[in-house]
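The structure under discussion appears below in the form of structure tokens.
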Amino acid sequence: MSISKKSSFKGESSKGTLYLVPTPIGNLGDMTFRALEVLNEVDLICAEDTRNTKRLLSHFEIKTPQISFHEHNTKERIPYLLEKLQQGQNLAQVSDAGMPSISDPGHELVKACIAADIAVVPLPGANAALCALIASGIVPQPFFFYGFLPRKKTLLTETLQTLNLQTATLIFYEAPHRLKKTLTAMAEVFGATRKVTLCRELTKKYEEFLRGDLKDAVAWAEEDEIRGEFVIVVEGNPQPQINSTADQALDLPLNDQVEQLIAEKGLKPNVAIKEVAKRNGLKKQVVYNEYHHLVD
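Residue 277 in the UniProt record's numbering sits at position 277 of the sequence shown, with consecutive numbering throughout.
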């Protein structure tokens, strides 16, 4: 067994280099001098959306040609881009905002370059997840970055139940039209009293932070008009052992299971009833009747 070693700057090679260049997540002032230098000097810029990147390049008077590289043309583009790199051309990869590969295209090209023994050089820069984390007021480390959660409710719930075993701070991205649904699901699975910070429109004019617990966040989402892109930072589970003993709770009477969820997670009775029904493979009405003593 041997480990592969590739230096970014030592030694000469006839091959080109792939530069991973972060772009601002809202404030153009966050573009670094090094990023501008690289974008000026490379032979070609691989952009997630060339129209969006063109505005950035025009602002900084960069005339380097672009080529589109996004999730829908990855297989088609990679052989072409590898050929350019093999010929000695240097390429820069950018996404619409932030770091390439982080909830954005990029990973496949990086893997292909590594397999072809082509140098991959990352540049530091703007990243929404880390900006949100350090300003959230929630313990910054360890943390677990997830990104965008599944859209389907069943997959969303299953994913959150798995993440509920994490003691590390959790970081998610979410679009405004899905925020209320996601927060509601988090409150049901993580518990209504879990601390959360909603980070809206980071680095932009309307940047703001909403700090409280998940119950507060759901109430806010129900009352206010939700606009802008969000990063959600959630406190890790301080008592994951409670979740690991969930199966043991199935031996308790249904009434006691509901009461246990209300006490431990701060859930409303109807939410706890729904969760107990799911755990036991029963219809919600059965647990509802049992809890409210409506059974003959």
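The C-beta atom is built at its ideal place from N, Cα and C for all residues, glycine as well.
Here the structure is a predicted model, which means the values were calculated and not measured.
>> Nearest by alpha-carbon distance to residue 297: which of V42, A112, S103, D96 is it?
In response: Because the chain here runs from 1 to 296, residue 297 falls outside it and cannot be looked at.
> Per the contact definition of three or more C-beta pairs closer than 8 Å, is the region 101-119 in contact with the region 31-38?
Replying inline: no
> Just curious, the beta strand (DSSP E) that Y19 is in, first and last residue?
Replying inline: Taking the sequence shown and counting its residues from 1, the one referred to as residue 19 is at position 19. Element bounds for Y19: 17-20.
>> Taking 8 Å as the cut-off, does the region 270-290 touch the region 207-215 (at least 3 CB pairs, one atom from each stretch)?
In response: no
>> Would F230 and L179 qualify as a contact pair, given that the criterion is a beta-carbon distance under 8 Å?
In response: The count along the sequence shown starts at 1 and reaches residue 230 at position 230. The count along the sequence shown starts at 1 and reaches residue 179 at position 179. Yes, these two residues count as a Cβ contact at 8 Å.
> Given a threshold of 16 other Cβ atoms within 10 Å of its Cβ, counted over all protein chains shown, does F69 qualify as buried or as exposed?
Replying inline: Mapped onto the sequence shown, residue 69 falls at position 69. Its Cβ being crowded by 16 or more others within 10 Å, F69 is buried.
>> Could you pull the DSSP bridge partners for E61 from this structure?
In response: Here the question's residue 61 lines up with position 61 in the sequence shown. The partner list for E61 (beta bridge, DSSP) is empty, contrary to what the question assumes.
>> Under 8 Å: do the region 92-99 and the region 116-130 share three or more Cβ pairs, one atom per stretch?
In response: yes
> So is I138 buried or exposed if we call it buried at 16+ other beta carbons inside 10 Å?
Replying inline: For this step, residue 138 is matched to residue 138 along the sequence shown. The residue is buried, with at least 16 neighbouring Cβ atoms inside 10 Å.
>> Could you tell me which whole beta strand (DSSP E) segments of length 3 or greater appear in the region 189-260?
In response: 195-200, 208-213, 230-234
> Would residue 300 be called buried (16 or more neighbouring beta carbons within 10 Å of its own) or exposed?
Replying inline: Beyond the ends of the chain as shown, which are 1 and 296, falls residue 300; an answer cannot be given.
>> Could you compute how far the alpha carbon of L294 sits from the alpha carbon of A132?
In response: The residue labelled residue 294 in the question sits at position 294 within the sequence shown. The residue labelled residue 132 in the question sits at position 132 within the sequence shown. Cα to Cα, the separation comes out at about 47 Å.
> In the region 69-106, which residue ranges form an unbroken beta strand (DSSP E) of at least 3 residues, counting only runs that do not cross its ends?
Replying inline: 91-94
> Apart from the five residues on each side of it in sequence, which residues of its chain come closer than 8 Å, Cβ to Cβ, to D117?
Replying inline: Residue mapping note: residue 117 aligns to position 117 of the sequence shown, counting from 1. Cβ within range, chain order: K6, K15.
>> Assuming P176 and I232 are in contact, meaning their beta carbons sit under 8 Å apart, how far apart are those beta carbons, in whole angstroms?
In response: As a working mapping, residue 176 is identified with position 176 in the sequence shown. As a working mapping, residue 232 is identified with position 232 in the sequence shown. That belief does not hold up - the Cβ atoms of P176 and I232 are roughly 12 Å apart, past 8 Å.
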